[in-house]
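Enquirer:
There are 2 protein chains.
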Amino acid sequence: MLELAILGLLHEAPMHGYELRKRLHILLGAFRAFSYGSLYPTLRRMQRAGLIAEEADVAELADRTWGRRARRVYRLTAEGKERFAELLANAGPQTWEDDRFGVHMAFFSRTPADVRMRILEGRRRRVEERREGLRAALARAGEQIDRYTRELHRMGLESTEREVRWLNELIAREQAEQRDRDG
Amino acid sequence: MLELAILGLLHEAPMHGYELRKRLHILLGAFRAFSYGSLYPTLRRMQRAGLIAEEADVAELADRTWGRRARRVYRLTAEGKERFAELLANAGPQTWEDDRFGVHMAFFSRTPADVRMRILEGRRRRVEERREGLRAALARAGEQIDRYTRELHRMGLESTEREVRWLNELIAREQAEQRDRDG
DNA sequence: AGATGATTATATCGCCGCGATACATCCGAA
DNA sequence: TTCGGATGTATCGCGGCGATATAATCATCT
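Those protein sequence lines, which keep their order, are chains A and B.
Counting with the UniProt record's numbering, you get residues 1 to 183 for the letters of the first sequence.
Counting with the UniProt record's numbering, you get residues 1 to 183 for the letters of the second sequence.
(1) How would you label E86 (chain B), buried or exposed, when you count the other beta carbons within 10 angstroms and need 16 or more for buried?
(2) Three or more C-beta pairs closer than 8 Å, one from the region 153-168 of chain A and one from the region 155-166 of chain B: is that the case here?
(3) Would you tell me roughly how many angstroms separate the C-alpha atoms of K22 (chain A) and R71 (chain A), rounded to the nearest one?
(4) I need the straight-line Cα distance from G183 (chain A) to H16 (chain A), nearest angstrom please.
(5) Considering only their Cβ atoms, is the gap separating L27 (chain A) from L76 (chain A) smaller than 8 Å?
(6) Taking 8 Å as the threshold (beta carbon to beta carbon), is H11 (chain A) in contact with chain B?
(7) DSSP three-state call for M15 (chain B): helix, strand or coil?
(8) Name the two residues that bound the continuous beta strand (DSSP E) containing R75 (chain A).
(9) Any beta carbon of chain A sitting closer than 8 Å to that of E151 (chain B)?
(10) Just reading off the alpha helix (DSSP H) that I171 (chain A) is part of, what are its end residues?
(11) Under 7 Å between beta-carbons, which chain B residues line up against I26 (chain A)? List them in chain order, please.
(12) At what residues does the alpha helix (DSSP H) containing E3 (chain A) begin and finish?
(13) When burial is assigned at 16 or more other CB atoms within 10 Å of the CB, is R140 (chain B) buried or exposed?
(14) Any beta carbon of chain B sitting closer than 8 Å to that of A113 (chain A)?
(15) Using a Cβ-Cβ cut-off of 7 Å (strictly less than) and excluding sequence neighbours within five positions of L120 (chain A), which residues of its own chain qualify?
(16) In the region 96-124 of chain A, which residues sit with their C-beta less than 7 Å from some C-beta in chain B, listed in chain order?
(17) Using the beta-carbon of each residue, which ones in chain B are nearer than 8 Å to G8 (chain A)?
(18) Apply the 10 Å Cβ neighbour rule to A78 (chain A) and answer buried if 16 or more other Cβ atoms are within range, or exposed otherwise.
(19) Taking contact to mean at least 3 C-beta pairs separated by less than 8 Å, is the region 146-155 of chain B in contact with the region 102-112 of chain A?
(20) So A106 (chain B) is in the alpha helix (DSSP H); what residue range does that whole segment cover?
(21) Exposed or buried, E3 (chain B), counting other C-beta atoms within 10 Å across all chains shown (16 or more means buried)?
(22) Can the beta-carbon of E54 (chain B) be found closer than 8 Å to that of Q47 (chain B)?
(23) With respect to the alpha helix (DSSP H) encompassing Q47 (chain B), which residues constitute its N-terminal and C-terminal limits?
(24) Could you tell me the alpha carbon to alpha carbon distance between R122 (chain A) and P112 (chain A), rounded to whole angstroms?
(25) To the nearest angstrom, how far is it from the Cα of A59 (chain B) to the Cα of G29 (chain B)?
(26) When burial is assigned at 16 or more other CB atoms within 10 Å of the CB, is R181 (chain A) buried or exposed?
Shown next, in the form of structure tokens:
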């Protein structure tokens with residue numbers, strides 16, 4: 001997940017960890033955080049795996065006389081680009097889970113149209129399932145359920161209903177564009 | 001988190017892991033899952049910590065001639081009950097984060113009224129912050145932002161706005177009840 | 001000029017929880 | 001009768017979090 005997001009962001013420009021985290025926060029702030037406690041170890045791992053590489057960052061070094069490396073600026077390697085494309089193209093069942101879906105959607109512009117569609121439809125199915133579960137829970141219990149739990153379920157139901165409507169619009173739009181491309 | 005939920009559920013009746021998981025799914029299904037991969041290790045840990053204890057489950061054993069223990073039924077210990085009350089009473093800043101908030105709210109009936117209020121207000125503040133962040137992101141970028149990201153932000157903004165309204169209602173209701181109790 | 005606090009920046013540690021996987025029983029339906 | 005689906009417990013590796021440490025830079029107030 002973090003890996004996908006980092007690859008996506010570095011696709012635009014080389015960046016250091018702190019900057020990545022800020023951009024991540026703006027890009028995904030609606031539904032995902034990512035702490036430094038995951039970011040820095042992930043950068044290390046990706047570097048070891050050869051997906052990203054540390055830039056010499058010459059200008060930065062020239063400015064600093066005390067010889068201490070203040071920033072680690074990373075750039076995508078060729079393998080990193082490959083990996084990114086691969087991750088975007090292979091949409092699996094976990095792709096439509098809460099946390100992953102948003103990250104994938106944030107990079108839809110770089111995702112093939114058919115994969116976009118698969119993800120949107122998969123997500124819709126997933127949210128519809130949850131919606132039905134909530135409907136059942138609300139219907140089943142009737143009066144005997146705890147009132148706060150019911151309030152929680154009611155809110156959840158409304159949210160899922162709204163998300164399904166939202167997804168329907170997105171899917172319709174995608175289909176319209178597909179038609180435009182074809183005909 | 002899981003610990004809190006388990007303590008809350010076992011407060012009603014002794015249960016085995018599988019049953020706990022099902023109840024968990026119904027109770028928190030709107031926003032939280034909890035897999036067996038977390039459940040069973042957590043039960044072990046809680047047992048070691050003395051928060052829960054394994055029941056003899058006599059009826060179950062009598063049924064089974066092959067001598068194999070099929071179910072591990074757990075019950076709350078006195079310490080477990082203490083711990084539960086403690087966890088409910090001590091509402092901290094992480095209590096209003098996405099995942100924790102729902103779990104806490106699911107046990108509001110057992111939570112002191114003043115703590116309920118603190119949690120609801122804390123949550124509201126938290127969601128308002130996110131809402132402002134999303135508004136800023138949407139305003140700032142104007143046209144240059146990626147269209148899918150914008151769609152994501154739009155959806156996020158609507159959700160946060162709705163949740164704030166929902167919380168306002170809940171808070172108002174709590175206040176009304178507080179007045180009823182006082183006057 | 002000096003203090004002070006916010007921001008920038010990297011890093012690690014222990015813990016929580018997830019997904020995959022394994023294994024075994026029980027039950028109903030084809 | 002076999003076979004899939006529920007019931008039931010368990011473990012492993014890893015992704016990610018929150019807390020925490022450290023330190024330089026920059027703006028602001030006095």
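Glycine is no exception: its CB is placed at the ideal position from the N, C-alpha and C atoms.
Expert: Reading from the atomic positions:
(1) Your numbering for residue 86 (chain B) matches position 86 in the second sequence. A residue is called buried when at least 16 other Cβ atoms come within 10 angstroms of its Cβ; E86 (chain B) does not meet this threshold and is exposed.
(2) Here the region 153-168 of chain A lies against the region 155-166 of chain B, with 3 or more beta-carbon pairs under 8 Å apart.
(3) Sequence index remark: in the first sequence, residue 22 (chain A) carries index 22 (1-based). Sequence index remark: in the first sequence, residue 71 (chain A) carries index 71 (1-based). One C-alpha to the other measures close to 15 Å.
(4) Here the question's residue 183 (chain A) lines up with position 183 in the first sequence. Here the question's residue 16 (chain A) lines up with position 16 in the first sequence. Taking the straight line from one Cα to the other gives about 45 Å.
(5) Here residue 76 (chain A) refers to the residue found at position 76 of the first sequence. Here residue 27 (chain A) refers to the residue found at position 27 of the first sequence. Not closer than 8 Å, so no.
(6) The sequence position of residue 11 (chain A) within the first sequence is 11, counting from 1. No Cβ of chain B is located within less than 8 Å of the beta carbon of H11 (chain A).
(7) Position 15 of the second sequence, counted from the first residue, corresponds to residue 15 (chain B). In the structure shown, M15 (chain B) sits in a strand (DSSP, three-state: E or B).
(8) In the first sequence, residue 75 (chain A) corresponds to position 75, counting from 1. R75 (chain A) -> beta strand (DSSP E) spans 73-76.
(9) What you label residue 151 (chain B) is simply residue 151 of the second sequence in a count that begins at 1. Answer yes: the Cβ-Cβ gap between E151 (chain B) and chain A drops below 8 Å somewhere.
(10) Here residue 171 (chain A) is taken as the residue at index 171 of the first sequence, counted from 1. From DSSP, the alpha helix (DSSP H) with I171 (chain A) extends over 147-182.
(11) In the first sequence, the residue the question calls residue 26 (chain A) occupies position 26. For I26 (chain A), the chain B residues whose C-beta falls within less than 7 Å of its own C-beta are A137, listed in chain order.
(12) One-based indexing of the first sequence puts residue 3 (chain A) at position 3. Run containing E3 (chain A): 2-10, per the alpha helix (DSSP H) assignment.
(13) Within the second sequence, residue 140 (chain B) is the residue found at index 140, counting from 1. Under this definition R140 (chain B) is an exposed residue.
(14) Along the first sequence, one-based indexing puts residue 113 (chain A) at 113. At least 8 Å separates the CB of A113 (chain A) from every CB of chain B.
(15) For the purposes of this step, residue 120 (chain A) is taken as residue 120 along the first sequence, with counting starting at 1. In its chain, beyond the 5 residues on either side, L167, L170, I171, E174 have a beta carbon closer than 7 Å to the beta carbon of L120 (chain A).
(16) Here the close residues are G102, M105, A106, F108, S109.
(17) The count along the first sequence starts at 1 and reaches residue 8 (chain A) at position 8. Here the premise fails: no neighbours, minimum Cβ distance about 10 Å.
(18) Counting from one through the first sequence, the residue named residue 78 (chain A) turns up at place 78. With fewer than 16 other Cβ atoms within 10 Å, it is exposed.
(19) For the pair of segments examined, the region 146-155 of chain B was found to touch the region 102-112 of chain A: the number of CB pairs separated by less than 8 Å reaches three.
(20) Here residue 106 (chain B) corresponds to residue number 106 of the second sequence, with the count starting at 1. From DSSP, the alpha helix (DSSP H) with A106 (chain B) extends over 98-106.
(21) Locating residue 3 (chain B) in the second sequence gives position 3, where the first residue counts as 1. E3 (chain B) should be labelled buried.
(22) Translated into positions along the second sequence, residue 54 (chain B) becomes position 54. Translated into positions along the second sequence, residue 47 (chain B) becomes position 47. Yes; because the gap between Cβ atoms is below 8 Å, this pair is in contact.
(23) Along the second sequence, one-based indexing puts residue 47 (chain B) at 47. Annotation: the continuous alpha helix (DSSP H) that includes Q47 (chain B) extends over 36-48.
(24) Within the first sequence, residue 122 (chain A) is the residue found at index 122, counting from 1. Within the first sequence, residue 112 (chain A) is the residue found at index 112, counting from 1. Before going on, a small fix: residue 122 (chain A) reads as Gly here, not Arg. So the two alpha carbons sit approximately 15 Å from each other.
(25) Working through the second sequence from its first residue, we reach residue 59 (chain B) at position 59. Working through the second sequence from its first residue, we reach residue 29 (chain B) at position 29. Caution applies to A59 (chain B), whose pLDDT of 47 falls short of 50 and renders its modelled position unreliable; the value that the coordinates give is listed next. Cα-Cα distance, rounded: 31 Å.
(26) Here the question's residue 181 (chain A) lines up with position 181 in the first sequence. Exposed, by the Cβ-count rule.
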